[in-house]
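Trainee: The structure's right below; bear with me while I get my questions together.
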Amino acid sequence: MVAAAETAVNGEAGTTALAWIVTVLPLVSFFLIVLFGKRLPGGGAWIGIVAVGAGLVMSLVVLSHFIGGGEATELSEDWFRVGDLRFELGQYVDGLTAVMLVVVTTVSLCVQVYSLGYMRGDARFTWFYAVISLFTGSMLNVVIANNLLQLLVGWELMGVCSYLLIGHWWEEKENSDSAIKAFITTRIGDVPFLFGIFVLIVATGTANIPEITGAIGGGAISRGLLTAGALLLFGGAIGKSAQFPLHVWLPDAMAGPTPVSALIHAATMVAAGVYLVGRMFSVFVNADPWVLTFVAAIGATTMLIAALLAMIQDDIKRVLAYSTVSQLAYMVAGLSLGPAGYTAGLFHLFTHAFFKALLFLGSGSVIHAVHSNNMSEMGGLRRPMPVTFWTFLIGSAALSGIPPLAGFWSKDEIISTAFHEQHYIVWGIALVTAVITAFYMARAVLLTFFGEYRGHGHPHESPATITGPLVVLAGLSVVVGFLNATAFDVTLFSEWVHFGEGEHLPFNYGFAAISVVGALAGIAVGYRLYARWRERDPLRRLGPAYTLLERKYFLDDVYLRGVVRPIQYRASAAVNWSNRFILDGIVHTFAWTARQFSRLVEVVDRRVVDRGVNTAAGLTGFTGGILRYIQSGNVQRYAVFLFVGVILLAIGISIRA
Amino acid sequence: MIRLPLVLFFSAGLFSVGVYGVLARRNAVLVLMSIELMLNAVNVNLVAFSQLLRDTILAGQVFALFVITVAAAEVGIGLAIVILIYRNRETINIDEVNLLKW
Chain A
1 MVAAAETAVN
11 GEAGTTALAW
21 IVTVLPLVSF
31 FLIVLFGKRL
41 PGGGAWIGIV
51 AVGAGLVMSL
61 VVLSHFIGGG
71 EATELSEDWF
81 RVGDLRFELG
91 QYVDGLTAVM
101 LVVVTTVSLC
111 VQVYSLGYMR
121 GDARFTWFYA
131 VISLFTGSML
141 NVVIANNLLQ
151 LLVGWELMGV
161 CSYLLIGHWW
171 EEKENSDSAI
181 KAFITTRIGD
191 VPFLFGIFVL
201 IVATGTANIP
211 EITGAIGGGA
221 ISRGLLTAGA
231 LLLFGGAIGK
241 SAQFPLHVWL
251 PDAMAGPTPV
261 SALIHAATMV
271 AAGVYLVGRM
281 FSVFVNADPW
291 VLTFVAAIGA
301 TTMLIAALLA
311 MIQDDIKRVL
321 AYSTVSQLAY
331 MVAGLSLGPA
341 GYTAGLFHLF
351 THAFFKALLF
361 LGSGSVIHAV
371 HSNNMSEMGG
381 LRRPMPVTFW
391 TFLIGSAALS
401 GIPPLAGFWS
411 KDEIISTAFH
421 EQHYIVWGIA
431 LVTAVITAFY
441 MARAVLLTFF
451 GEYRGHGHPH
461 ESPATITGPL
471 VVLAGLSVVV
481 GFLNATAFDV
491 TLFSEWVHFG
501 EGEHLPFNYG
511 FAAISVVGAL
521 AGIAVGYRLY
531 ARWRERDPLR
541 RLGPAYTLLE
551 RKYFLDDVYL
561 RGVVRPIQYR
571 ASAAVNWSNR
581 FILDGIVHTF
591 AWTARQFSRL
601 VEVVDRRVVD
611 RGVNTAAGLT
621 GFTGGILRYI
631 QSGNVQRYAV
641 FLFVGVILLA
651 IGISIRA
Chain B
1001 MIRLPLVLFF
1011 SAGLFSVGVY
1021 GVLARRNAVL
1031 VLMSIELMLN
1041 AVNVNLVAFS
1051 QLLRDTILAG
1061 QVFALFVITV
1071 AAAEVGIGLA
1081 IVILIYRNRE
1091 TINIDEVNLL
1101 KW
């Protein structure tokens, strides 16, 4: 992006021009690690860490532009043209972008440092770091993209990276199956997303996001098109952000290494869906009102069913996975409340990134120590692993919404906004989910860190590369909530991220009290049931309801029987047919042509080339055969030739004279 | 004073004898001797023309002396070759020494 092509829309680009460098850095580091990583000491991991670390510093510089109300800026360069359509490669940086840049680079940095310890000795260590870098770069590209096409590129790259990372240990069939499931399930969401992009391009004649937003603001687009566009875009968000009914990929994505789970579930991949809704929010707001109701319904459904599923999991990572689905649904529900919920939903995305990354990395530390994902084989770990315990506890409290930790501020804001906007059903479900959230996190903490150790061996605290990021993230989980602590009239975050006027609710102690009491109630129930270890999970007393949860509402079975299998059979038949009749036919035709051609070539070879060469050689041999008799070796005969020659010369000369 | 044509006929005869010896003789030593005859025929010519032209610096005679010297050297080398051939082949018959061929 050369300076000449800069087009600053709202103001001078200034320091925000760093944003695209932040994006390019991890992409460059990806190539460097792939090309040279194996030959470098440390497997090239430092390249990724340095790149994203530098990215973090620059992101903070970019964010500083918005402290005190900086204007949104845009930089772009022509990418290509199709007819009248101009596609750009550029960046659009507003407060939301800047905040996301910081979140992504922070979490990615923590994850990469953490992986130094967690992935040590892994067979594909270098490749792991390469893909993590690419993943980070793709997400950053989604974040800064100033047009939908560029956003889509990053979006799809992330899909590929998630496939590669979830299937990192592909030696086990289960893992590569999960990778395929994640890829295909999100792909299903990507199709409507792509069509959503088409709709908006057709409606506005541009893919540029600020221009689309402007066109919508100017009332240039019919409400029907907007409704279609919003629904299709939301389809993409459903897939990427794991909303009902496409949430099924996310728990299976736990097959990947734990740092990957942290990256996918905290900062990249799943955040992209919510970010997309936030970025294209004017499409949603100006569409038919029932679109937002639909979004709210999806959010509310997902939030509750995922939280219920999280209650009964034994795999600690699956607890967190379902919790992620549920918290993402909080964000979606927050956004569905309209302009008032915009800040709340995205604030939850912001805070959630830190404490969910913390929880995943903490669970990874535990798994690293006990070599099992199952909480039934853990217990009592608070004594051998104090750092992991305390950081995990902070993360759990933040997720449960205990003040003054990060999760409290964001979650409370969503809940009170829901009530204020008279979405009482969303409000009720959010509250119930908050209680369940506190319950399952209490359960996870109690089963993992309290009681007697039930696993094998003697677990030890993890090395500093693992605990370091935990401490950093725990610190952040405590403080980031205060960026929008309405109780103390701190509204820094809503100055950065707001929609329209950005008015925000005054802090309501009554609602806060309700949610805190709800969270405490959840924890109390959890303590009551799980303070003492029982072989049989107390929730099994729920009977059929437990079975329903255990089978994940039979959704996987329905998908398998109803979608995967029929498609599989038909697809394999079709593939077989096309193989035999089309591909084979093409191959055979080529082979036949090649044979005929080679015959022709053979004839030419033999009749023309060979014969020519042979004739030349034969002629030479024949001539030589004759001429060699002259060279008899008899010196006197040579002398005769000489004299005859001289005499002939003499005669010749005398005749001419 | 001998007349020039007489000398030239003598020289031509001597040369022809030499040519015959070189071309027809089988004995390598005789071939070498015949070469001497041809060279001497040339010498005779040189001296005769030198006399005829009354050359003040006697270039013809001097040249003949050079030819005699070169002929001596040449015969030295020729006889050495003949001796080597004899040692290797127990013969000096030129027909049997057909080395200069393909």
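First to last, the protein sequences are chains A and B. When we follow the working numbering, the leftmost residue of the first sequence carries the number 1, and every step to the right adds one. When we follow the working numbering, the leftmost residue of the second sequence carries the number 1001, and every step to the right adds one. Here a beta-carbon is modelled for each residue, glycine too, at the ideal position from N, C-alpha and C.
#1: How far does the beta strand (DSSP E) with Ser76 (chain A) in it extend, from its first residue to its last?
#2: Judging by CA-CA distance, which residue of A:Ser162, A:Gly53 and A:Ile67 is the nearest neighbour of Glu495 (chain A)?
#3: Assign Asp412 (chain A) to one of two classes, buried (16 or more other C-beta atoms within 10 Å of its C-beta) or exposed (fewer than that).
#4: Between the segment 610 to 636 of chain A and chain B, which residues of the former have CB atoms less than 7 Å from a CB of the latter, in chain order?
#5: Looking only at DSSP bridge pairs, what is Phe389 (chain A) linked to?
#6: Could you give the C-beta distance for Val1047 (chain B) and Ile1035 (chain B), rounded to a whole number, given that I count them as a contact under 8 Å?
#7: By the DSSP assignment, the alpha helix (DSSP H) with Glu535 (chain A) in it spans what residues?
#8: So Asp1095 (chain B) contacts chain A; which residues on that side make the cut at Cβ distance below 7 Å?
#9: If you pair each beta-carbon of the segment 44 to 58 of chain A with each one of the segment 96 to 111 of chain A, do three or more pairs fall below 8 Å?
#10: Are three or more beta carbon pairs between the segment 253 to 266 of chain A and the segment 199 to 210 of chain A nearer than 8 Å?
#11: For Asp1095 (chain B), I'd like the list of residues in its chain whose CB is within less than 8 Å of its CB, leaving aside the five on either flank, ordered along the chain.
#12: On the DSSP bridge assignment, give the partners of Tyr92 (chain A) in chain order.
#13: Is any beta-carbon of chain B found at less than 8 Å from that of Phe641 (chain A)?
#14: Let me check understanding here. Comparing Cα to Cα, which of B:Leu1006, B:Asn1043, B:Ala1028 and B:Ser1016 lies closest to Val635 (chain A)?
#15: State the beta-bridge partners of Phe1015 (chain B) as determined by DSSP.
#16: Would the beta-carbon of Leu473 (chain A) fall within 8 Å of that of Cys110 (chain A)?
#17: For Phe1049 (chain B), which of helix, strand or coil comes out of DSSP?
#18: When you compare the CB of Leu1023 (chain B) with every CB in chain A, is at least one pair closer than 8 Å?
#19: When the distance is taken between beta carbons, is Gly362 (chain A) closer than 8 Å to Leu470 (chain A)?
#20: Check whether the Cβ of Leu1098 (chain B) lies closer than 8 Å to any Cβ atom in chain A.
#21: What is the C-beta distance between Leu151 (chain A) and Val99 (chain A), in whole angstroms, given that I count them as a contact (C-beta under 8 Å)?
#22: List the residues of chain A that Val1029 (chain B) touches, going by C-beta distances under 9 Å, in chain order.
#23: Apart from the five residues on each side of it in sequence, which residues of its chain come closer than 6 Å, Cβ to Cβ, to Val1007 (chain B)?
#24: Determine the chain A residues that contact Val1007 (chain B) at a beta-carbon separation under 8 Å, and present them in chain order.
#25: Comparing C-alpha positions only, which one of A:Ala237, A:Ile212, A:Ile630 and A:Leu335 sits nearest to Leu226 (chain A)?
#26: Between Leu405 (chain A) and Ile394 (chain A), is the Cβ-Cβ spacing less than 8 Å?
#27: Let's see if you can read the secondary structure: which residues bound the alpha helix (DSSP H) around Ala574 (chain A)?
#28: Short check: CB of Ile316 (chain A) to CB of Ala130 (chain A), under 8 Å?
#29: Can you tell me whether Glu88 (chain A) is buried or exposed? The criterion is at least 16 other CB atoms within 10 Å of its CB, across all chains shown.
#30: Report the option in A:Phe408, A:Val601 and A:Ala573 whose CA atom is closest to the CA atom of Val517 (chain A).
#31: Please compile the residues from chain A whose C-beta is within a distance smaller than 8 Å of the C-beta of Val1019 (chain B).
#32: Between the C-alpha atoms of Glu421 (chain A) and Glu174 (chain A), what's the straight-line distance to the nearest angstrom?
#33: Taking Ser164 (chain A) as the reference, which of A:Leu116, A:Leu231 and A:Gly256 has the closest Cα?
#34: Can you look up Asn1088 (chain B) in the DSSP assignment and give me helix, strand or coil?
Mentor: Looking at the atomic coordinates:
#1: Thr73 to Val82
#2: A:Ile67
#3: Buried: at least 16 other Cβ atoms inside 10 Å.
#4: Correct list: Arg628, Gln631, Ser632, Gly633, Asn634, Val635 and Gln636.
#5: Answer by DSSP bridge pairing: none, since Phe389 (chain A) is not bridged.
#6: Separation of the CB atoms of Val1047 (chain B) and Ile1035 (chain B) is rounded to 19 Å, and the pair is thereby denied contact status at 8 Å.
#7: Note, Glu535 (chain A): premise wrong, no alpha helix (DSSP H); not H, not E.
#8: By Cβ distance, chain A contributes Asn634.
#9: yes
#10: no
#11: Arg1026
#12: Bridge pairing for Tyr92 (chain A): A:Glu74 [DSSP].
#13: no
#14: If we check each option's Cα against that of Val635 (chain A), B:Ala1028 comes out closest.
#15: Answer is none; Phe1015 (chain B) lacks a bridge partner.
#16: yes
#17: Three-state DSSP puts Phe1049 (chain B) in a helix.
#18: yes
#19: Result yes, Cβ atoms of Leu470 (chain A) and Gly362 (chain A) sit closer than 8 Å.
#20: The sequence shown places Asn at residue 1098 (chain B), not Leu. Judged by the 8 Å Cβ criterion, Asn1098 (chain B) is in contact with chain A.
#21: Not really, about 17 Å apart at Cβ, beyond 8 Å.
#22: Neighbours of Val1029 (chain B) on chain A: none; closest Cβ ~14 Å, over 9 Å.
#23: Ala1048, listed in sequence order.
#24: Near Val1007 (chain B) there are no residues of chain A at all, since even the closest Cβ is about 20 Å away, more than 8 Å.
#25: A:Ile212
#26: yes
#27: Arg565 to Trp577
#28: no
#29: buried
#30: A:Phe408
#31: Phe643
#32: 45 Å
#33: Per the sequence shown, residue 164 (chain A) should be read as Leu rather than Ser. Answer by Cα proximity: A:Gly256.
#34: Shown here, Asn1088 (chain B) sits in a helix according to DSSP, grouped into three states.
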